[in-house]
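Below: the structure, in C-alpha cells.
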Amino acid sequence: MVRVRVLVVDDHRIFAESLAAALAAEPDVDVAAAGSGPAALRCLERGAADGRRFDVMLVDADLGTSAAVPVARAVPEGGGAEGLVDGISLVAGVRSGQPAVRTVVLAEKDDPRRAALALQAGACGWVAKDCSLQRLLAVIRGVLRDETHLPPALLTGVLRELTAARKHRTESERLVESLTPREREVLRCMVAGLGRKAVAERLFLSPHTVRTHMQNVLGKLGVHSTLAAVALARRAGVGPVDLAGDVVERGGQLA
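Numbering of the sequence shown is given in our numbering, commencing with residue 3 and proceeding in unit increments.
If you want it as C-alpha cells, here you go:
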C-alpha cells in the first residue's frame with residue numbers, strides 16, 4: 003500500500019489535532035501537524051532530510067493573521083529576505099523550496115480574490131474547512147494526480163480575478179518597458195528597499211542624478227510614491243538587485 007504523508011498547518015490547536023486524528027484513521031495516510039508557518043517549514047525540512055518527504059500540505063488560509071511570526075523565507079513575489087509566514091506566503095515558499103509538495107488551502111469562507119492569490123502562489127486547491135472528511139480525502143488524492151480543486155461556486159470569481167491579474171501584469175510590464183536601462187536599474191534598487199544615498203553609492207552616481215532618475219521612474223510609471231512604484235514593479239516581475247553579494251570594505255576589514 004502506497005502511503006500518503008500529510009502535514010496539517012493551523013494555529014488553532016483543537017482544529018489541527020482533530021483533523022490530524024481523523025486523517026490518521028485512514029489506513030494509507032500518515033499525518034503530522036504544525037501550529038505555525040515556521041514550525042511547518044521545520045517539519046518539511048526534517049522530513050526531506052530523513053528521506054520521508056511530505057506529499058501534501060493542508061494550510062489554514064488565515065494562518066498567522068492573529069500573531070504572525072517573522073521568518074527569513076517563504077516570501078512571494080520577491081518580497082525581500084524576511085517576511086511574515088501567513089498561509090499564502092507559506093504556500094509560495096514551499097512551492098519554491100519543495101515543489102514536489104502539493105498544497106491545499108483550508109478556508110472558513112469562500113473568497114475568490116484570496117483563492118486566486120493562493121493558486122498564483124502555487125496551491126493546488128482551496129477547500130472549505132467544514133467540508134466532509136471524504137471530500138477532503140478526495141481532494142488530497144486528486145492533487146497527487148496533478149488535479150486542481152476549487153469549489154464550483156468559486157470558479158467564476160477566481161477566473162475573473164486571474165484574468166484581471168494578468169491584465170494588470172501586462173499593463174505593468176508595458177510601463178516598465180518604457181524605462182531606460184539606467185532607470186530600470188534604479189527601479190530594481192528601489193524594489194530592494196535602497197534609499198537615494200544607497201542607490202547613488204551602488205551605481206556610482208551623485209544623489210542629485212539618482213533623484214532625477216527616481217522622479218523619471220515615478221513619472222513614466224504613472225505613480226506618485228516609491229511604494230506604488232515598487233508594487234507595480236513586482237506585478238511586472240521586476241525583482242530587487244542582489245544585495246547578498248555586496249562586499250563593503252570598512253577600516254581595512256570586510257563587512
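We put the beta carbon where it would ideally sit given N, CA and C, even for glycine.
These numbers were taken from a predicted model, which means no experiment stands behind them.
Option nearest residue i by Cα separation, candidates the options
i, options, result
"Leu234", "Ala27, Ser208, Val107, Glu173", "Glu173"
"Pro114", "Thr158, Asp148, Leu92", "Thr158"
"Pro154", "Gly144, Ala230, Leu135, Val129", "Val129"
"Gly224", "Arg184, Asp132, Glu19, Arg176", "Arg176"
"Ala231", "Gly99, Ser208, Cys191", "Cys191"
"Glu47", "Ala26, Arg15, Pro101, Ala18", "Pro101"
"Pro183", "Lys199, Arg15, His215", "His215"
"Met59", "Glu203, Gly53, Leu146", "Leu146"
"Gly99", "Arg204, Thr211, Glu28, Arg55", "Arg55"
"Glu28", "Val4, Gly49, Arg15", "Val4"
"Arg204", "Ser227, Asp148, Glu149, Asp244", "Asp244"
Paired residues, beta bridge with residue i - DSSP
i, result
"Met59", "Leu9, Thr105"
"Asp32", "Arg7"
"Gly127", "Val106, His151"
Nearest-angstrom Cβ-Cβ length linking residue i and residue j, presumed shorter than 8 Å
i, j, result
"Val188", "Val240", "Actually they are not in contact, since the Cβ atoms of Val188 and Val240 sit about 11 Å apart, beyond 8 Å."
"Asp12", "Gly66", "That pair is no contact at about 10 Å."
"Val6", "Asp57", "5 Å"
"Leu258", "Cys45", "The structure shown does not extend to residue 258, since the chain spans only 3 to 257, so no value can be given for it."
"Val178", "Ala238", "5 Å"
"Ser208", "Ala200", "Between Ala200 and Ser208 the Cβ distance is about 13 Å, and since that is not below 8 Å, they are no contact."
C-beta atoms of residue i and residue j nearer than 9 Å
i, j, result
"Ala63", "Arg104", "no"
"Leu135", "Ala24", "yes"
"Gly39", "Asp88", "yes"
"Val93", "Ala125", "yes"
"Ile90", "Ala120", "yes"
"Val219", "Glu163", "no"
"Val106", "Val61", "yes"
"Pro242", "Gly197", "no"
"Lys131", "Phe17", "yes"
"Lys222", "Ser180", "yes"
"Leu138", "Val96", "no"
"Leu152", "Gly127", "yes"
Backbone secondary structure at residue i - three-state DSSP
i, result
"Glu251", "A caution first: Glu251 carries a pLDDT of 39, below 50, which makes its placement in the model unreliable, though a value can still be read off. DSSP places Glu251 in strand when its eight states are reduced to three."
"Gly37", "coil"
"His215", "helix"
"Arg75", "Here the model assigns Arg75 a pLDDT of 35, short of 50, so the residue's position is not dependable and the matter cannot be decided."
"Val141", "helix"
"Ala238", "coil"
"Leu176", "The question names Leu, but residue 176 is Arg in the sequence shown. Of the three classes helix, strand and coil, the one that applies to Arg176 here is helix, per DSSP."
"Cys133", "coil"
"His14", "coil"
"Gln2", "The requested residue 2 is not part of the displayed model; the chain covers only 3 to 257."
"Lys111", "coil"
"Arg186", "helix"
"Arg116", "helix"
"Gly81", "Reliability fails at Gly81, whose pLDDT of 35 lies under 50, so the model's placement of it is uncertain and the value that follows must be treated cautiously. Three-state result, Gly81: coil."
"Glu19", "helix"
Distance cut-off 8 Å: residue i Cβ against heavy atoms of the ligand SAM
i, result
"Ala94", "This structure simply doesn't include the ligand SAM, nor any ligand for that matter."
Beta carbon proximity, residue i to chain D, threshold 9 Å
i, result
"Asp32", "Going by chain labels, chain D is absent from the structure shown, which holds only one protein chain."
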